[in-house]
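In what follows, a single structure is set out as structure tokens and then discussed.
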Amino acid sequence: MTPLSLPPETAWQPLAAGDWNAEAARHLLRRAGWTAQPAEVARSLQDGLPATLDRLFPAEPDLFPPPALLTHFEAALPSYAQRLRAAAPEERRQLQREERERAQATLVNLTIRWLQFAAQPEHAAYAKWVLFLSDIYVVSFQKVYNPPMIYRHFDILGRNGLGPAPALTKAVSRSPAMILYLDLNQNQAKAPNENFAREMMELFVLGEGQYTEADIKEAARAFTGYRTRPAFDDFHFAAGQHDAGLKTVFGHTGNFTGDEVIDLAYGRPAAGAFLPHELVKFYLSDTMLPAPYLESLGAAWRTEGGYNLRWLAQRFFGSRLFFAPAFRADFIKSPVQYYLGLIQDLGLDVTPIPRFVVNPLRQMGQVLYQPPNVRGWLGGRNWVNSATLAARRSLAEALFTPIDEDTLNADEQIEIVAARTQGHDRFTVTDASLATLAALPPSALVDQLSRTLLAAPPTPAFRAALHDYLAGGGADPASRAHRLRRTIVTLLESPEYQLC
Amino acid sequence: MASNLTTPFLPTTRREFLRQTGRGLGLLAFSRFAPAFLVNSTLASAPAAEKDRSILVIVQLAGGNDGLNTLVPFEDANYYRLRPTLGLAKNTVLPLDATLGLHPSCAALHGLFHDGQLAIVQNVGYPNPNRSHFRSSEIWETASGSNDFATTGWIGRYLDNACAGRPDADAHDPLAVHLNTLNGTPETFLSQRDHPTFGMLAGSGGRKDSEETRRLLEQVAVDAPADDTSEASYLRHTLMDALVTEKKVQSVLSDYRPSANYPVNPFAASLRSVAGLIASGLPTRVYFVTLNGFDTHVNQATQQANLLKTLSDGLAAFQKDLVAHRLADQVTTMTFSEFGRRPSENESHGTDHGTAAPLFVLGAQVKGGLHGTPPSLALARNEDVTYSTDFRSVYATMLERWLDAPSADILGGKFDRLPLFA
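The listed protein sequences derive, respectively, from chains S and Y. Throughout, our numbering is defined as the position within the first sequence, counted from one, plus 648. Throughout, our numbering is defined as the position within the second sequence, counted from one, plus 1.
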């Protein structure tokens, strides 16, 4: 599935203005964000592609603000550390246990708050971009175990996500979560730990095979002395642990600091093609593009784009290649995109109850802040097997099933009431919310649902079946409403809806 | 209704499969990825159904069942001290021995206890108990330590272990089935490898609803490009596999004639379905059924009485049905709940989240009676009981003694086994 009709030299040129149409806009919105809401499509067509890219990847994107529970947890950290120091051994264990419970609850809350934030159409593209960066600069709560650090790591990605790539890498090298996750805390002059230096080269900047083992050993010395204090969630440089001696990295010799080693890595030509490779994997296709395409974009990013991430995002999503027919509707949505897509497409609010949100994500194979390993999620076709597809289908069903509030646990009822007082009360689809659609005749209805929900049109037999089913509802309003609901559920469970 | 919806499209048997393929009924479109059980059986004779396989039914009491009012220590003055309004009077409980009795709603289970088919494991929990519904359910379902995180469930790991190296490991029929769960596949089933599991879709996906959706979805394979490597084609394949199972399950259940009068409620209906699926000879080894609503912070007495009656009557009907179908020797049922409740009742005539609690194990092969030791109730106000049997000991027993699997590999350590089987 390569658009070989577009040679590598011209593939990344901007899409011709004449090719910017509703279908192209839907493709862009579904890939850069979660769905293609009709209002967003209309606006994008009116604005044109360049202005739309400016809007999706703005100079100053909205950042995800810290949830109250997280702020509260963070504010209590110093006093917790103090109590821990003063405690007798048995009391100490009890304190640590309680702290772990609070950390878990805070992380679950962080997950739900982030989903609520990312579900807003104006936040979708950048929230997804930060998720993309977090799939490169991977950390996991399972090792870090500190929600403020996890939040801060994502905040670092958010604040540096559209600036120069070297600045992002340097900021990440100071991220407390990363320092714990890749053992920088253990990296000292007398006993260097190579974990961070290796992943920096292999997974963040260059890719496998673009460095020698000697480069890693020497680079690791430059990152000695990077420290964090978990109770305070900060970075500090322990000069006494730092190896200030001469290092030779990529053939250059000097008393390099960590930042200088990162600059040396970006000095390698391979750094240009690495991020384009990751972009293709995360946003475009399960089948990797041939190297010349990556090199062509990489070279332009280095020279013209000055390694600026905003430049790269806009060039990638605005290119002729990105809009090529081969890449339309042939990419499997991640669980997060499937979930947030349902929320947007159905006009719902994220249910503030962990087991209605976090459990389905887990069953579909994606727990936020807990990627399987340092390589992040595999993505694409790996998202779907019999169990995860069943989980997707039962999530779609659940969003059409009123929540029986009598059976909720007490803490869940509190969350529901709190959300409701803030005006977030659309947790499941009601017939009233479908009234506009219900007024349409079957044929127009199928067309409209297919257009708004699906990236690829249904096959003729599937379309005919849906049409006949809707028409079979006759004039009885109850029967019509029932069939409308089932039609939408069916579309959301269909193979076509899993694609973007 | 259009004719193409009344014509069965998906095959449920090899004969149908071959006939439809021969007719070129669009099935050619996905014959390349036809369900494994159909393809395998066209290549070789299908493995014979294991008639004597053992089956485990797991019943989740979601919300945290109050153990103290389930298994009542009616001679313990501390019990009545801690439960001034909720305490059940000695003359109302159903006695099991000189000091312990079942909640008055559990008459049917009481009968099974005296028939020797019901074991009650007392005071089951784990070290460093967590009182969050979410987290404690996770600990029980993944069988992890309180401070560890496992990404797979204990039954998921059992399936990983049981299917390793088996030639028919990708056979199509579900190895694990869940019913009536609120939130899709239970964490208990999450596994490293992909196993055929199946869920009766929750909520509005009642039988008629999911039947309608299934019939519509069957059409996605018609007209699909025949030789296609696209993602859409891969998704169609996976979906068709699932639909074949659904259809098979649907037809099994509509043909099933139970030999017991099940109460009319969703929980009993789920158990009736489990009995039907077991009777059909599916290779499914584990079933998971949820009964929800045990989070009784307020006015516990009536709520718990209703829930325990639902549990007790449902399980008794299920057991009677199994006996009548001569399946009782094959099936063991166990309950679990994410935690018990606080021994001291609260100011709202309810109880708050606690720690250990008893669980039930039911079956013809089960060694009935009381197992383990009861908790000490010499507790200050709002203090919790300390567990005496680790829940992973119950799992280890089920794995080793009932499912014939190496528990240490699956549970990540050795746990004492209990004499739950004769």
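Think of the CB as a built atom: it goes at the ideal place given N, C-alpha and C, for glycine as much as any other residue. In this text the structure is predicted, and so the values were computed from the model without any measurement.
Just the chain Y side, please: which residues come within less than 7 Å of residue i by C-beta, in chain order?
{"i": "residue 756 (chain S)", "result": "135"}
{"i": "residue 1002 (chain S)", "result": "135"}
{"i": "residue 745 (chain S)", "result": "129"}
{"i": "residue 1143 (chain S)", "result": "221, 233, 236, 237, 240"}
{"i": "residue 1029 (chain S)", "result": "232, 235"}
{"i": "residue 790 (chain S)", "result": "150"}
List the residues of chain S whose Cβ lies closer than 7 Å to the Cβ of residue i, in chain order.
{"i": "residue 296 (chain Y)", "result": "1057, 1058"}
{"i": "residue 1 (chain Y)", "result": "Residue 1 (chain Y) cannot be examined here, being either before or after the span of chain Y that is shown, 2 to 423."}
{"i": "residue 218 (chain Y)", "result": "1138, 1141, 1142"}
{"i": "residue 210 (chain Y)", "result": "1134"}
{"i": "residue 148 (chain Y)", "result": "748"}
{"i": "residue 225 (chain Y)", "result": "1107"}
Which bits of chain S does residue i rub up against, with CB to CB less than 9 Å?
{"i": "residue 198 (chain Y)", "result": "1034, 1035, 1038"}
{"i": "residue 151 (chain Y)", "result": "Under the 9 Å cutoff, chain S gives no residues; its nearest Cβ is about 10 Å from residue 151 (chain Y)."}
{"i": "residue 154 (chain Y)", "result": "The premise fails here: residue 154 (chain Y) is roughly 10 Å from chain S at the closest Cβ pair, so nothing lies under 9 Å."}
{"i": "residue 434 (chain Y)", "result": "Residue 434 (chain Y) lies beyond the stretch modelled for chain Y, which goes from 2 to 423, so this question has no answer here."}
Looking only at its chain, what residues have a beta carbon closer than 8 Å to the beta carbon of residue i, apart from the 5 residues adjacent to it on each side?
{"i": "residue 1133 (chain S)", "result": "1048, 1077, 1079, 1082"}
{"i": "residue 415 (chain Y)", "result": "397, 408, 409"}
{"i": "residue 147 (chain Y)", "result": "127, 128, 129, 130, 131, 140"}
{"i": "residue 982 (chain S)", "result": "1014, 1025, 1027, 1031"}
{"i": "residue 943 (chain S)", "result": "656, 920, 921"}
{"i": "residue 1111 (chain S)", "result": "1094, 1098, 1105"}
{"i": "residue 264 (chain Y)", "result": "311, 314, 315, 318"}
Going by beta carbon distance, what residues of the same chain come within less than 7 Å of residue i, once the five residues before and after it are set aside?
{"i": "residue 170 (chain Y)", "result": "Because the pLDDT of residue 170 (chain Y) is 39, which lies under 50, any placement of that residue in the model is unreliable, and the question is left without a value."}
{"i": "residue 951 (chain S)", "result": "none"}
{"i": "residue 722 (chain S)", "result": "796, 881"}
{"i": "residue 962 (chain S)", "result": "701, 705"}
{"i": "residue 161 (chain Y)", "result": "192, 193, 194"}
{"i": "residue 370 (chain Y)", "result": "120"}
{"i": "residue 927 (chain S)", "result": "964"}
So what does residue i bridge to, in DSSP terms?
{"i": "residue 967 (chain S)", "result": "S:662"}
{"i": "residue 590 (chain S)", "result": "Residue 590 (chain S) lies beyond the stretch modelled for chain S, which goes from 649 to 1148, so this question has no answer here."}
{"i": "residue 881 (chain S)", "result": "For residue 881 (chain S), which the question treats as bridged, DSSP gives no partner whatsoever."}
{"i": "residue 793 (chain S)", "result": "Answer is none; residue 793 (chain S) lacks a bridge partner."}
{"i": "residue 391 (chain Y)", "result": "Y:126"}
{"i": "residue 334 (chain Y)", "result": "Y:58, Y:363"}
{"i": "residue 199 (chain Y)", "result": "Y:178"}
{"i": "residue 102 (chain Y)", "result": "Y:73, Y:96"}
{"i": "residue 1136 (chain S)", "result": "BP columns for residue 1136 (chain S) are empty, so no partner."}
{"i": "residue 902 (chain S)", "result": "S:895"}
{"i": "residue 370 (chain Y)", "result": "Y:120"}
{"i": "residue 354 (chain Y)", "result": "Y:342"}
Excluding five sequence neighbours on each side, which residues of the same chain lie with their C-beta closer than 6 Å to the C-beta of residue i?
{"i": "residue 977 (chain S)", "result": "1103, 1104, 1147"}
{"i": "residue 692 (chain S)", "result": "673, 700"}
{"i": "residue 27 (chain Y)", "result": "Note that residue 27 (chain Y) scores 34 on pLDDT, short of 50, meaning its location in the model is unreliable; the coordinates nonetheless yield the value given after this. Same-chain partners within the cutoff: 223."}
{"i": "residue 984 (chain S)", "result": "1014"}
{"i": "residue 822 (chain S)", "result": "883"}
Using a cut-off of 8 Å between C-beta atoms, extract the partners of residue i located in chain S.
{"i": "residue 195 (chain Y)", "result": "1033, 1034, 1035"}
{"i": "residue 293 (chain Y)", "result": "1055"}
Check the Cβ of residue i against every Cβ in chain Y and list those closer than 8 Å, keeping chain order.
{"i": "residue 1147 (chain S)", "result": "232, 233, 236"}
List the residues of chain Y that residue i touches, going by C-beta distances under 9 Å, in chain order.
{"i": "residue 753 (chain S)", "result": "133, 135, 136"}
Worksheet entry | contact_flag[the stretch 329-348 of chain Y, the stretch 100-117 of chain Y] where n(CB pairs < 8 Å) is 3 or more | The stretch 100-117 of chain Y and the stretch 329-348 of chain Y do not touch, with fewer than three beta-carbon pairs separated by less than 8 Å.
Item to complete: Evaluate the contact criterion for the stretch 868-884 of chain S versus the stretch 892-903 of chain S: three or more CB pairs, one atom per stretch, below 8 Å.
Response: Under the 8 Å Cβ criterion, the stretch 868-884 of chain S counts as touching the stretch 892-903 of chain S, having at least three qualifying pairs.
Item to complete: Taking a Cβ distance cut-off of 8 Å, strictly less, list which residues of the stretch 960-979 of chain S are near chain Y, in chain order.
Response: Along the stretch 960-979 of chain S, the positions whose C-beta sits under 8 Å from a C-beta of chain Y are 977, 978, 979, read in chain order.
Item to complete: Check distances from the C-beta atoms of the stretch 1104-1138 of chain S to those of chain B and list, in chain order, the residues that come in under 9 Å.
Response: No chain B appears in this structure, whose protein chains are S and Y.
Discussion item. So, does the stretch 701-720 of chain S touch the stretch 795-806 of chain S, judging by three or more C-beta pairs under 8 Å?
Written reply: Result yes; three or more Cβ-Cβ pairs closer than 8 Å.
Discussion item. Residues of the stretch 824-854 of chain S in Cβ contact with chain Y at a cutoff of 8 Å, in chain order, please.
Written reply: Cβ contacts with chain Y come from no residue of the stretch 824-854 of chain S.
Item to complete: Evaluate contact between the stretch 79-91 of chain Y and the stretch 375-388 of chain Y, counting only Cβ atoms and requiring at least three cross-stretch pairs below 8 Å.
Response: The stretch 79-91 of chain Y makes contact with the stretch 375-388 of chain Y, as at least three CB pairs between them are under 8 Å.
Fill in: Cβ pair count under 8 Å reaching 3, the stretch 332-339 of chain Y against the stretch 97-109 of chain Y
No, the stretch 332-339 of chain Y does not touch the stretch 97-109 of chain Y.
Discussion item. Tell me which residues of the stretch 762-786 of chain S have at least one Cβ-Cβ distance to chain Y shorter than 7 Å, keeping chain order.
Written reply: Cβ contacts with chain Y: none found.
Worksheet item: Below 8 Å, can you find three or more Cβ-Cβ pairs linking the stretch 907-923 of chain S to the stretch 844-857 of chain S?
Response: Segments in contact, yes.
Worksheet item: What residues from the stretch 692-724 of chain S come within 7 Å of chain Y, judged by C-beta to C-beta, listed N to C?
Response: Within the stretch 692-724 of chain S, no residue has a Cβ that lies closer than 7 Å to any Cβ of chain Y.
Fill in: Contact list for the stretch 53-77 of chain Y against chain S, Cβ threshold 7 Å
Going along the stretch 53-77 of chain Y in chain order, one finds 64 with a Cβ nearer than 7 Å to chain S.
Fill in: the stretch 184-197 of chain Y / the stretch 221-232 of chain Y touching (three or more Cβ pairs under 8 Å)
Under the 8 Å Cβ criterion, the stretch 184-197 of chain Y does not count as touching the stretch 221-232 of chain Y, having fewer than three qualifying pairs.
Worksheet item: Are the stretch 1059-1071 of chain S and the stretch 988-1005 of chain S in contact at 8 Å, needing three or more beta carbon pairs?
Response: The stretch 1059-1071 of chain S is in contact with the stretch 988-1005 of chain S.
Worksheet item: Using 8 Å as the threshold, is the stretch 1107-1126 of chain S in touch with the stretch 1005-1024 of chain S, meaning 3 or more CB pairs across them?
Response: No, because fewer than three Cβ pairs between the stretch 1107-1126 of chain S and the stretch 1005-1024 of chain S fall closer than 8 Å, the two stretches do not touch.
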